[in-house]
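For the sequence shown, the numbering used here gives the first residue as 69, with consecutive numbering after it.
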Amino acid sequence: MTHPTESKVENIEEKIKQIISELRPDIELEPQIEFINDGIFDSFDIISLVAALDKAFGISIDGSKITPRYFNTLTDIQTLIEESKR
C-alpha cells in the first residue's frame, strides 16, 4: 500500500514531467538528467517553466529562487514546488 505522502510526491513528479514534456518535447526525461549542468535548459526554458509551474500548482515562485540550484534536476524542481507551497 502506498503512503499518502508518497503518492502526493509521485503526483508532483509526474506533473513536472508532463509540463517539461509539453514545453520541450525534444527532451528524453531520464531519472538522472541534469537540465542545467548538461546545457539542456536555457534562461527562456526556465522562465517558461516557472510560469507553467506557477499555473499548474497554484503557487508563486519567489524570484530569488529562480536559480540553477532549483532547476538542475527533477528532484530540485520538486523541492522548489514544495518550498513554494509553504
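All C-beta atoms in this analysis are idealised placements derived from N, C-alpha and C, irrespective of residue type, glycine included.
Quick one: is residue i buried, meaning 16 or more other Cβ sit within 10 Å of its Cβ, or exposed?
{"i": "leucine 156", "result": "This structure gives no information on residue 156, because the portion of the chain shown stretches from 69 to 154."}
{"i": "leucine 121", "result": "buried"}
{"i": "leucine 117", "result": "buried"}
Looking at the structure shown, is residue i part of a helix, part of a strand, or coil, going by DSSP?
{"i": "arginine 137", "result": "helix"}
{"i": "glutamate 150", "result": "helix"}
{"i": "isoleucine 95", "result": "coil"}
Q.
Under 8 Å, with one C-beta from each stretch per pair, do the stretch 134-151 and the stretch 109-125 reach the 3-pair mark?
A. With the cut-off at 8 Å, the stretch 134-151 and the stretch 109-125 touch.
Q) Mind pulling the alpha helix (DSSP H) runs of 4 or more residues that sit fully within the stretch 100-130? A) Restricting attention to alpha helix (DSSP H) runs no shorter than 4 residues, the stretch 100-130 encloses them at 111-125, ordered along the chain.
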